[in-house]
DNA sequence: TACTAAATGAAAAAGGTTTTCAGTTAGCAC
DNA sequence: GTGCTAACTGAAAACCTTTTTCATTTAGTA
Ligand SMILES: [Mn+2]
Ligand SMILES: [Mn+2]
Ligand SMILES: [Zn+2]
Ligand SMILES: [Zn+2]
């Protein structure tokens, strides 16, 4: 199941939220990006099509979309959240170099069994997970050796 | 191998950093807490013993300790980082309720094989990982059903 | 004891996020 | 269509966390 524009609008209506031009534009920006976007980045993109839109509106819309489980919130280092549309087929994780911040995506996390066990033990209904590995990439390791 | 005060001080010296009363107090606060502490929380605790210490000093010390790999940096929701001393024996992860923010710790993540494979495929030297599950706890599920 | 690089704290600056509020609009009833 | 109302928007201000700057102090060493 992939979240299309239509589906997302339906979910919004279900939740008692209105469909506004601003929200449509924001949703589109997130759907059409395969990158994790920060609120500021989304604002920048949305502005091209909808100048005058406020950054506040981005925040408010993101909050609703996250609450409805339509987008994933990510927390990387620093203090920048970023958001990605929830695409089950593109579920992925990150391997991050702690030195140069290079990011490598990987898709197979294989956490199903762990998830089932945790769910059973804790009575949680688990809806998602965040997995990140941190380490040193080859370049940075070689740099360290040399220095 | 557990990070004791002595060991941490040794690591600091190795790195060319000085041991100050302020740093000692900060390290102690982190060592003696089994909770994840935010910089502000650490400041609050450290103040009791060392009034007048600046929040800046907390930030600067945390940066060094993280750089030396002596503490783990965590990124939960919101924009609050938190830190925990690195205790290999207490390596753990979180299951977080997206509604009421209840946190349940779990220890067995079993990511060794995945880590080895990623390391091989990417030539990264992996030093750590972050794993969090998000879902709804029983109480919140029941609340939703009822409402 | 004297020296120097490193560390500290106050204050200001910088970011990111949230709140407030007056004006606007989507969705619905008629 | 017309009107109504709750929801939404944008500007500005408030809020919080984190970083930078700079004058002063201190740890570690000679
Ligand atoms: Mn990615
Ligand atoms: Mn914990
Ligand atoms: Zn690197
Ligand atoms: Zn809950």
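Chains as they are written, first to last, in the numbering used here: chain A, 1 to 147; chain B, 148 to 294. Think of the CB as a built atom: it goes at the ideal place given N, C-alpha and C, for glycine as much as any other residue.
Is the shortest distance between the beta-carbon of residue 165/A and the beta-carbons of chain B less than 7 angstroms? The requested residue 165/A is not part of the displayed model; chain A covers only 1 to 147.
Practice task
Counting only runs of 3+ residues fully inside the stretch 90-125 of chain A, write out the beta strand (DSSP E) ranges in chain order.
Solution key: 93-97, 103-106
The alpha helix (DSSP H) with residue 178/B in it runs from where to where? 168-178
Which residues does DSSP list as the beta-bridge partners of residue 229/B? 221/B
(request) Drop a sphere of 10 angstroms on the beta-carbon of residue 97/A, count the other beta-carbons inside from all chains shown, and report buried for 16 or more, exposed for fewer. (result) buried
Three Cβ pairs or more, each shorter than 8 angstroms: is that satisfied between the stretch 212-221 of chain B and the stretch 152-160 of chain B? yes
- Contact with chain B by residue 148/A, beta-carbon distance below 7 angstroms: Only positions 1 to 147 of chain A appear in this structure, which leaves residue 148/A out of reach.
Let me check understanding here. Comparing Cα to Cα, which of 266/B, 182/B, 199/B, 256/B lies closest to residue 278/B?
256/B
Three-state secondary structure assigned by DSSP to residue 10/A: helix
(Q) Using the Cβ count rule (16 or more neighbours within 10 Å means buried), how would you classify residue 177/B? (A) buried
Worksheet item: Mind checking residue 205/B: buried by the 16 CB within 10 Å criterion, or exposed?
Response: buried
*Going by Cα to Cα distance, which pick from 15/A, 93/A, 48/A is closest to residue 129/A?*
93/A
Report task. State the Cα-Cα distance for the pair residue 233/B and residue 45/A, rounded to the nearest angstrom. Result -> 40 angstroms
_I'd like to know if residue 259/B contacts chain A, where contact means its C-beta is closer than 7 angstroms to some C-beta of that chain._
no
Self-check item: Residues of its chain near residue 81/A, where Cβ-Cβ distance is below 8 angstroms and the 5 sequence neighbours each way are ignored
Solution: 38, 39, 73, 74, 75
- Message: Between which residues of its own chain and residue 119/A is the CB-CB distance below 8 angstroms, once the five residues before and five after are set aside?
- Response: 125, 126
Please list, in chain order, the residues of the stretch 228-252 of chain B that have any C-beta partner in chain A closer than 8 angstroms. 228, 242, 244, 245, 251
Checklist line | Proximity winner among 34/A, 20/A, 95/A, 54/A, relative to residue 84/A (alpha-carbon distances) | finding: 34/A
**Study point:** Boundaries (first-last residue) of the alpha helix (DSSP H) holding residue 59/A
**Key:** 55-67
ask   = So, residue 61/A versus residue 7/A, is the Cβ gap smaller than 7 angstroms?
value = no
With a threshold of 7 angstroms between beta-carbons, can residue 163/B be considered close to chain A, or not? no
Q. How long is the line joining the alpha carbons of residue 15/A and residue 5/A, rounded to whole angstroms?
A. 15 angstroms
- prompt: Would DSSP call residue 183/B helix, strand or coil?
  reply: coil
* Asked: Of the choices 137/A, 52/A, 28/A, 104/A, whose alpha-carbon is the least far from that of residue 3/A?
  -> 28/A
Against residue 285/B, what residues of chain A qualify as contacts under a CB-to-CB distance less than 9 angstroms, listed in chain order?
122, 123, 124, 125
Using three-state DSSP, classify residue 50/A as helix, strand or coil.
-> coil
ask   = What residues in its chain sit with their C-beta under 7 angstroms from that of residue 91/A, if we drop five residues either side in the sequence?
value = 107
**Message:** Closest to residue 285/B by C-alpha separation, out of 189/B, 202/B, 242/B, would be which residue?
**Reply:** 242/B
So, using beta-carbon positions, are residue 172/B and residue 197/B closer together than 7 angstroms? yes
Identify the contact partners of residue 141/A in chain B, using a Cβ-Cβ distance below 9 angstroms as the criterion.
270, 271, 272
Name the DSSP beta bridge partners of residue 275/B, please? 134/A
For residue 151/A, count neighbouring Cβ atoms within 10 angstroms of its own Cβ and tell me buried if that reaches 16, exposed if not. Because residue 151/A is not part of the residues shown, which for chain A are 1 to 147, the question remains open.
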